[in-house]
Structures are given as C-alpha cells and as structure tokens.
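Asks: Shown below is the structure under consideration.
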C-alpha cells in the first residue's frame, strides 16, 4: 500500500505534466484542471491501497479515461476522428528522408543557433503548439512514451491498443513533429 | 539486403526515440514554467485528493475494526462455516421460543377450561342453572 508520502510525491511529480498533457488534448485550461483534479481524487479514493510502483500506470489510465469522458461529454469525438483521418492522408511523402530529417532536427533542438534566432522560450511554445496539433492518439502515444517514459507495453495498456499500434502512433508523431518543426524554421 | 533494411529500421527507431526523449526533456522544461495560479490550483487538487485518500483509508480501517471486534468479542476467531452457523443460531432460538410460548399458551387455556368444568361439575348447583335468565340476573345483582 502506498503511504501518504509516496502518494504525495507521486502526485507532485506528475501533476504539471498531467495538466499540460490534458491541455494539449482539450485545449482548455479550466477543463484540464478539472480532469486532472478528478483523476487525482479517483486515484486517491480507489487505488491508494495499491503499491506505489503501480500508481504511474493506474494514474495514466485514469487520466486517459477522464479525458475521453470529457470528449464524450463535449461531443467532439467526431472532430478528433476527423483529425486522425486528415493526418493519415498526408503521410505518403515520397521525398521525405527520415534519417536525414531526424538527425538534423534532433541536432538543432536546444542548440545555441536556434536559441539565438528564435529564443528558447519561443521554441518551447512552438513545440507545445505542434504537439497540441497532433492527432489525439498519436499525441497520447508520443507523450506517454517519451514524456512519461512508459515502455511500449505499458503505453499499450494505458491506451487500450496493441504494442504495434503504439509504435506506429509514436513513429508518425515523431515524423510529423520533425517535419512541422523544420517547416517552422527550427531545423536548419 | 535484409540486414541492411533491418539496420536502417533499427537506426530510424533509435533516432525516433532520441528525438522523442529530447522533446520530452524540453516539455519538462516548459512544464516547470507553469504559471503560479495553475500550480496553486494543482496543489489544492492534490491536497483534496490526499484528504480523500486518508478518509477512505480511515473508513476501511474502522469497518475492519468493527467487524474484527464483533467476531472476537462474541465468537473469537471462528472458521467460516462455524461463524455462519453461529449467525443463524439466534434466529433458530427465536423461532423455537415462539413455538414453545404458543404451546404453553394452549396448555394454559386448556387447563383453565378444565378448571371451570371441574368446578361446575363439582358444584351443588346444576350447570343448567346458568342458562336460566333469572339466575344470571341474580348473579349480576349479587356481584354489584
């Protein structure tokens, strides 16, 4: 059973990321705060007796469900599905050289030259904006894998899909982000 | 040929992971700049969650104590089947008691009727006298 301190530490460590992730999804600070608060309370009431090691996965699952519930209530799920299909149609870029682009973009992030031209804070805001523009499933997979640092199996459990789907979503998200960031001038 | 493709796929996957983790680190940096009012609201939400965790733990603990004490005070640590049997016992005792009370009441009525019969038969006055309206009236006046 997680102690009060373990639960406090865990919630402290995830609350800001959880808020940001939810903002990317729902694009509304107040709604995101409500979702995070509901998720925290649900975790505390129903799963506080779980070992501390299980809390991250359970919390991510609760967050995902709470966000989905919010979308259901807002009746915007169709718009999300539309976004997914929009992205799929634009994925067949024959001139897209993945290795070259990833290498150059990855090398440019956080470098002095980029910071000099745009400003680090602006770059961060731009990255957030581009992440928020990702289709929902891709964004969720990307953030769970590379921000929450869950492994593929854990991400699949949280998202309720196969590991193959997680890999596909993550890969597409990385490609989309790399392309869009380069288009915004972050890549050289 | 296959090994080249596999190597390229592995390299792409590795680069994707590096790129993703690098972006994740930048997102952490941005998350740390969360405005004060949002941070405060998150703190309040966290404290509310912790309070509800404490109250639900207390509720669970007090329920366990009541059940545990109930068992230990009355019956001690009994096996499940014996505990169920012991739970049914009061009901059995209650039903048996009601049957006994009914039986005792019937016997008491029979004995009272028998006493009346005995007294009537043993008395000098013939039982037919009680069907006489004048004699009944006499008894009423005598009682007053």
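Protein chains in written order, with this note's numbering: chain A, 1 to 188; chain B, 1 to 144. Note that beta-carbon positions come from the ideal geometry of N, C-alpha and C, so glycine has one too.
Going by beta carbon distance, what residues of the same chain come within less than 6 Å of residue 42(A), once the five residues before and after it are set aside?
Replies: Your numbering for residue 42(A) matches position 42 in the first chain. Cβ within range, chain order: 62.
Asks: May I ask which residues mark the beginning and end of the alpha helix (DSSP H) holding residue 46(A)?
Replies: Taking the first chain and counting its residues from 1, one reaches residue 46(A) at position 46. Unbroken alpha helix (DSSP H) run through residue 46(A): 29-47.
Asks: Judging by CA-CA distance, which residue of 151(A), 18(A), 159(A), 45(A) is the nearest neighbour of residue 33(A)?
Replies: Counted from its first residue, the first chain places residue 33(A) at position 33. Ranking the options by Cα distance to residue 33(A), first place goes to 18(A).
Asks: Just to confirm my understanding: we take residue 35(A), look at its own chain, exclude 5 residues before and 5 after, and list those with CB closer than 8 Å. What are they?
Replies: Counting from one through the first chain, the residue named residue 35(A) turns up at place 35. Result list for residue 35(A): 22, 26, 63, 66, 67, 70, in chain order.
Asks: How would you list, in chain order, the residues of chain B whose beta-carbon sits under 9 Å from the beta-carbon of residue 69(A)?
Replies: Numbered from its first residue, the first chain carries residue 69(A) at position 69. Correct list: empty, because the minimum Cβ distance to chain B is about 17 Å.
Asks: Using alpha carbons as the reference points, say which of 47(B), 35(B), 9(B) lies closest to residue 12(A).
Replies: Taking the first chain and counting its residues from 1, one reaches residue 12(A) at position 12. Among 47(B), 35(B), 9(B), the Cα nearest to that of residue 12(A) is on 47(B).
Asks: Using a C-beta to C-beta distance shorter than 7 Å, which residues of chain A count as neighbours of residue 29(B)?
Replies: For the purposes of this step, residue 29(B) is taken as the residue at position 29 of the second chain. Neighbours of residue 29(B) on chain A, chain order: 124.
Asks: Show which residues of chain A have a CB atom less than 9 Å away from the CB atom of residue 20(B).
Replies: On the second chain, residue 20(B) is found 20 positions in, with the first residue counted as 1. Simply 142, 145, 146, 147, 170, 173, 174, 177.
Asks: Beta carbon of residue 56(B), beta carbon of residue 138(A): below 8 Å?
Replies: As a working note, residue 56(B) is residue 56 in the second chain. As a working note, residue 138(A) is residue 138 in the first chain. Cβ atoms of residue 56(B) and residue 138(A): not closer than 8 Å.
Asks: Suppose the cutoff is 8 Å on Cβ atoms and the five residues either side in sequence are ignored; what does the same chain contact list for residue 147(A) look like?
Replies: Here residue 147(A) is taken as the residue at index 147 of the first chain, counted from 1. Excluding residues within five positions, the ones whose Cβ falls inside 8 Å are 17, 21.
Asks: Among the residues of its own chain, which have a CB less than 6 Å from the CB of residue 6(A), if the five just before and after it don't count?
Replies: The residue labelled residue 6(A) in the question sits at position 6 within the first chain. Around residue 6(A): 52.
Asks: Could you tell me whether any Cβ in chain A is nearer than 8 Å to the Cβ of residue 57(B)?
Replies: If you number the second chain from 1, residue 57(B) lands on position 57. Chain A, which has a Cβ nearer than 8 Å to the Cβ of residue 57(B), makes this yes.
Asks: Determine the chain A residues that contact residue 34(B) at a beta-carbon separation under 8 Å, and present them in chain order.
Replies: Translated into positions along the second chain, residue 34(B) becomes position 34. In chain order: 16, 19, 20.
Asks: Can you find a heavy atom of the ligand NAD that lies under 7 Å from the Cβ of residue 134(B)?
Replies: Only the bare structure without any ligand can be found here, which leaves the ligand NAD out of the picture.
Asks: If I'm right that residue 42(B) touches residue 15(A) with Cβ under 8 Å, what's the distance once you round it to whole angstroms?
Replies: Start at 1 with the first residue of the second chain, and residue 42(B) comes out as number 42. Start at 1 with the first residue of the first chain, and residue 15(A) comes out as number 15. Between residue 15(A) and residue 42(B) the Cβ distance is about 5 Å, and since that is below 8 Å, they are a contact.
Asks: Given this structure, state the Cα-to-Cα distance separating residue 90(B) from residue 103(B), to the nearest angstrom.
Replies: Residue mapping note: residue 90(B) aligns to position 90 of the second chain, counting from 1. Residue mapping note: residue 103(B) aligns to position 103 of the second chain, counting from 1. Cα to Cα, residue 90(B) sits roughly 20 Å from residue 103(B).
Asks: Report yes if the CB atom of residue 140(A) is closer than 8 Å to the CB atom of residue 152(A), and no otherwise.
Replies: The residue labelled residue 140(A) in the question sits at position 140 within the first chain. The residue labelled residue 152(A) in the question sits at position 152 within the first chain. Not closer than 8 Å, so no.
Asks: Given a cut-off of 8 Å, decide if residue 144(A) and residue 60(A) are closer than it, judged by their beta-carbon atoms.
Replies: In the first chain, the residue the question calls residue 60(A) occupies position 60. In the first chain, the residue the question calls residue 144(A) occupies position 144. A contact, by the Cβ cut-off of 8 Å.
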